[in-house]
Amino acid sequence: MRPLETAELEALTLFANGKSADEIAAVLGVSKSMAMHYLRVAARKLGARNRVHAVAIAVRKGLIKPTGAGN
């Protein structure tokens, strides 16, 4: 597994906490397409089938720690 970049981990954490791509983009100060790119790349690096699977893998591996929906 290739290591995830900081922005990819931040995007995954925000997604795990229920944030939309628009909200992730706003928090990270990037475009919506860039936020979605971070999520796709993270999923690919983790060998996940989709973004939700990527979150599950990242949590299981201790890479991210969701704080709850909407946080």
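The letter at position 45 of the sequence shown is residue 74 when you use the working numbering, and the numbering goes up by one with no holes. Note that beta-carbon positions come from the ideal geometry of N, C-alpha and C, so glycine has one too.
Outcome for residue i when other beta-carbon atoms lying within 10 angstroms are tallied against a minimum of 16
| i | result |
| --- | --- |
| N100 | Interpretation of N100 is limited by its pLDDT of 48, a score under 50 that renders its predicted location unreliable; the figure taken from the coordinates is listed afterwards. Burial call: exposed. |
| T96 | exposed |
| K48 | buried |
| E37 | buried |
Alpha-carbon to alpha-carbon, residue j and residue i
| i | j | result |
| --- | --- | --- |
| L41 | A85 | 10 Å |
| P32 | L75 | 9 Å |
| A50 | V70 | 14 Å |
| K90 | A54 | 25 Å |
| G44 | K94 | The sequence given here has Phe at residue 44, not Gly. Rounded to the nearest angstrom, the two C-alpha atoms are 11 Å apart. |
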